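Following: one structure in structure tokens, then a few remarks.
Numbering (our numbering), first residue to last: 3 to 254.
Right under this line is the structure:
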């Protein structure tokens, strides 16, 4: 590879946060409110989501591996209402068991394990790295706002399908980095691949590096062959400590 670009979790989430701000400046709703009914135990337990608002997508690298581009997307709820109801056997009546008002302090979170995607660019662009919440890209999901693991899995599976069917494409796909073409530049990007790399402390709860990691873009310049795929022996491309957020490595 001719160029390797690395940017850290903090930088990645800063890009997502800036996209959130830009959308509001453009008078666009960020993400639609979720109104839905989910039977979590068939014919018995039902959950109602009323005007549930989720905020900026956040990436974690707790599940990252240098072998692919996996990351964990977190969508935190900041407003709305959750109602749990039970339908007694042999009746059509549903009894409310619990009502929870969602706020920014204790709102439940939808987690989705996804692979960051490489998208071929239009004229003037070699391509871009995107976060895509479409159902086809979700490999695992979990919703932590309910009592049991079974209900958490059922709700998460339902919500990822709801997002896929009810959110617009622009509300599911977020660019993280673009490779641009400029005839005046000495370096012209060609083929590229994406990988994610967890830090040594990504899975150490309460550590300074918990959930940290890197998005890596390996680039072959036009006219050059792509390199081999990175493996677990690859060094971590940001030094520990300090406020380092990006690194650009050029071959010689």
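All C-beta atoms, glycine included, are put in the ideal place defined by N, C-alpha and C. Since we're looking at a predicted model, the values are computed, not measured.
Closest in alpha carbon position to residue 218, among 105, 179, 183 and 242, is 179. A distance below 7 angstroms separates the beta carbons of residue 215 and residue 11.
Bridge partners of residue 249 according to DSSP: 8. In the structure shown, the three-state DSSP call for residue 22 is helix. Short of 8 angstroms from the beta carbon of residue 59, and not among the five residues preceding or following it, lie these beta carbons of its own chain, in chain order: 18, 75, 76, 77, 133, 135 and 176. In the structure shown, the three-state DSSP call for residue 68 is coil. Our two residues, residue 20 and residue 172, have alpha carbons roughly 15 angstroms apart in a direct line. By the 16-neighbour rule on beta-carbons within 10 angstroms, residue 105 is exposed.
The criterion of a C-beta distance shorter than 7 angstroms is satisfied by residue 100 and residue 86. The Cβ atoms of residue 145 and residue 107 do not sit closer than 7 angstroms to each other. The beta carbon of residue 15 sits closer than 7 angstroms to the beta carbons of 60 and 61 from its chain, once the five residues preceding and following it are set aside; these are given in chain order. The Cβ neighbour count for residue 4, taken over all protein chains shown within 10 Å, is at least 16; the residue is labelled buried.
Residue 42 sits in a strand when the DSSP states are folded into three classes. Secondary structure within the segment 138 to 198: the beta strand (DSSP E) runs of 3 or more consecutive residues, fully enclosed, are 140 to 145 and 175 to 182 (chain order). DSSP places residue 117 inside the beta strand (DSSP E), whose first and last residues are 111 to 117.
Within the DSSP bridge table, the entry for residue 134 names 175 as partners.
Here residue 251 is exposed: its Cβ has fewer than 16 other Cβ atoms, across all protein chains shown, within 10 Å. Counted as a single uninterrupted DSSP element, the beta strand (DSSP E) harbouring residue 50 occupies residues 47 to 56.
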